[in-house]
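For the working numbering, count along the sequence shown from 1 and bump the result up by 3.
Working notes, structure below.
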Amino acid sequence: MHPKLSEALDHDQLTAMAAPDHLVDWRLLLSLEAVHGAGVLERIPGDVDEVAADLGLDADAVAACLQVLVAWGVLRRDGRRFTWDEPRLTEDEVTVLAQHGVWIRRWAANLGPRLRDRHATSPIAPQGLPAPVGLRLLHLATRGAVAPVTALCWEALGTRATAERPRVLDLGGGHGAYSLALVERGAAVTLQDLPPVIEHLRTRPEFEPVTLVAADMHRELAGDHVDLVLLSTVTNMFDPPRVATLLQRVAEVVTPGGAVVIVSHLRERGPVGAAFGVQMLVATMGGDAHGEQDYRGWLEDAGLVVESVDQLTDSPLCVLVARKS
Numbered sequence: 004m005h006p007k008l009s010e011a012l013d014h015d016q017l018t019a020m021a022a023p024d025h026l027v028d029w030r031l032l033l034s035l036e037a038v039h040g041a042g043v044l045e046r047i048p049g050d051v052d053e054v055a056a057d058l059g060l061d062a063d064a065v066a067a068c069l070q071v072l073v074a075w076g077v078l079r080r081d082g083r084r085f086t087w088d089e090p091r092l093t094e095d096e097v098t099v100l101a102q103h104g105v106w107i108r109r110w111a112a113n114l115g116p117r118l119r120d121r122h123a124t125s126p127i128a129p130q131g132l133p134a135p136v137g138l139r140l141l142h143l144a145t146r147g148a149v150a151p152v153t154a155l156c157w158e159a160l161g162t163r164a165t166a167e168r169p170r171v172l173d174l175g176g177g178h179g180a181y182s183l184a185l186v187e188r189g190a191a192v193t194l195q196d197l198p199p200v201i202e203h204l205r206t207r208p209e210f211e212p213v214t215l216v217a218a219d220m221h222r223e224l225a226g227d228h229v230d231l232v233l234l235s236t237v238t239n240m241f242d243p244p245r246v247a248t249l250l251q252r253v254a255e256v257v258t259p260g261g262a263v264v265i266v267s268h269l270r271e272r273g274p275v276g277a278a279f280g281v282q283m284l285v286a287t288m289g290g291d292a293h294g295e296q297d298y299r300g301w302l303e304d305a306g307l308v309v310e311s312v313d314q315l316t317d318s319p320l321c322v323l324v325a326r327k328s
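Here is the structure:
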């Protein structure tokens, strides 16, 4: 396997928001995404002429894309036959790398039009994913952050962490990995998200210990008198007025002495923070990589005191911890 790809795998940095030193080459990503989407990789090992014929594809075009994967040590080639190289990419790794290719195409399709109209769409932009697929990809992309973020949440709970069951609201909890980790530590967790997300989580037995609430966070918040509210990669999806209003409402449900934990990229924190602003430009109708001073202002206006702003050790993500006096 090519050292650059191997390094990205070792550091769990396969997403479009990886640090520059771990960013996988765009030519590999687009080639892999093309053959993955066409069903070619499911036929490996195989003869490219037979695979192409079965799928109604041009054999030489398929071979050209597969040769890129050979050059990166993902596949091996013997004449017209392609096989997996060792160590073989896992299904999850292939899925995340292919989605990275999708993001490259989405940037190319939407970025120009959105310079003129923030809500513009492009007919060549890739379509959105069904909730189960999107949640799985989000989990894979952020899995390295779950343990350190959970630890910071537990630290923010302070003496409440030793209470019978500290009450946590995982707002916009999506894939639910944070909720499960907090339940494992002993918290009583409510995960609130939109109906399609909650419908999917309710089909998974591991979420039985979590209270699942389907509701729009801009209209209502689940519960009150909670000890901690976690917003992980949520606030970046909205424009400043909506974030400010949301944090005002979040502060109202937190008990005195309780905490609000925000996980996101900050625009001024290097190349990834800056690039995340463009990611939100092409992926949302108003989101952004907001700045640290933006968050400080919104949190303080909501009656919360910012205690810390830290970047995770192995991730460009930042964690802001604020407390209600």
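All C-beta atoms in this analysis are idealised placements derived from N, C-alpha and C, irrespective of residue type, glycine included.
Just so you know, these numbers come straight off a predicted model, no measurement behind them.
From residue i to residue j, what does the alpha carbon distance come to, in whole angstroms?
i: Gly-131; j: Asp-304; result: 35 Å
i: Leu-231; j: Ala-262; result: 5 Å
i: Gly-226; j: Gly-260; result: 17 Å
i: Leu-57; j: Val-27; result: As written in the sequence, residue 57 is Asp, which differs from the Leu given in the question. If I take the Cα positions, the gap works out to 30 Å.
i: Pro-23; j: Arg-326; result: 33 Å
i: Asp-61; j: Val-77; result: 21 Å
i: Glu-89; j: Val-73; result: 11 Å
i: Leu-172; j: Ser-34; result: 41 Å
i: Gln-314; j: Val-322; result: 6 Å
i: Cys-156; j: Val-105; result: 33 Å
i: Trp-110; j: Val-51; result: 31 Å
i: Val-266; j: Val-152; result: 8 Å
i: His-39; j: Ser-318; result: 27 Å
i: Leu-224; j: Ala-278; result: 31 Å
i: Ala-292; j: Leu-114; result: 16 Å
i: Ala-64; j: Val-71; result: 11 Å
i: Pro-135; j: Pro-199; result: 9 Å
i: Leu-250; j: Leu-302; result: 7 Å
i: His-25; j: Glu-167; result: 42 Å
In terms of alpha-carbon separation, which member of the options lies closest to residue i?
i: His-203; options: Asp-227, Ile-107, Gly-261 and Gly-177; result: Gly-177
i: Val-237; options: Pro-23, Asp-227 and Thr-145; result: Thr-145
i: Ala-66; options: Ala-37, His-142, Tyr-298 and Asp-88; result: Ala-37
i: Met-240; options: Ala-64, Glu-271, Glu-211 and Val-285; result: Val-285
i: Arg-108; options: Gly-175, Val-266, Trp-29 and Ser-318; result: Trp-29
i: Gly-294; options: Pro-169, Leu-320 and Thr-287; result: Leu-320
i: His-102; options: Val-71, Thr-162, Arg-139 and Arg-79; result: Note on identity: in this sequence residue 102 is Gln, with His being the wrong assignment. Nearest option by C-alpha distance: Arg-139.
i: Pro-48; options: Ala-64, Arg-84 and Cys-68; result: Arg-84
i: Asp-219; options: Thr-248, Leu-197 and Pro-212; result: Leu-197
i: Val-309; options: Ser-328, Ala-292 and Thr-316; result: Ser-328
i: Met-288; options: Val-200, Thr-124 and Val-71; result: Thr-124
i: Ala-19; options: Val-136, Gln-296 and Pro-274; result: Pro-274
i: Ala-128; options: Pro-116, Ala-112, Val-264 and Asp-120; result: Ala-112
What do you get for residue i, buried or exposed, if any count of 16 or more other CB atoms within 10 angstroms of its CB means buried?
i: Thr-206; result: exposed
i: Leu-118; result: exposed
i: Gly-42; result: exposed
i: His-268; result: buried
i: Arg-270; result: buried
i: Met-283; result: buried
i: Gly-290; result: buried
i: Ala-150; result: exposed
i: Ala-55; result: buried
i: Gly-276; result: buried
Report yes if the C-beta distance between residue i and residue j is below 8 Å; otherwise report no.
i: Leu-233; j: Tyr-298; result: no
i: Arg-245; j: His-228; result: no
i: Leu-194; j: Leu-215; result: yes
i: Leu-143; j: Thr-98; result: yes
i: Arg-32; j: Leu-100; result: The residue asked about is misnamed: residue 32 is Leu in this sequence, not Arg. Yes, these two residues count as a Cβ contact at 8 Å.
Between residue i and chain D, is any beta-carbon pair separated by less than 8 Å?
i: Arg-108; result: Going by chain labels, chain D is absent from the structure shown, which holds only one protein chain.
Taking 7 Å as the cut-off, does the CB of residue i come closer than this to any heavy atom belonging to the ligand FAD?
i: Val-97; result: In the structure on display, the ligand FAD does not appear, and there are no ligands present to speak of.
Practice problem: Can you check the segment 292-318 for any alpha helix (DSSP H) of at least 4 residues that lies completely inside it and give the ranges in chain order? | Solution: With a minimum length of 4 residues, the continuous alpha helix (DSSP H) runs that stay inside the segment 292-318 are 295-304.
- request: Within the segment 80-129, note down every full beta strand (DSSP E) run reaching 3 residues or more, in order along the chain.
  value: 84-87
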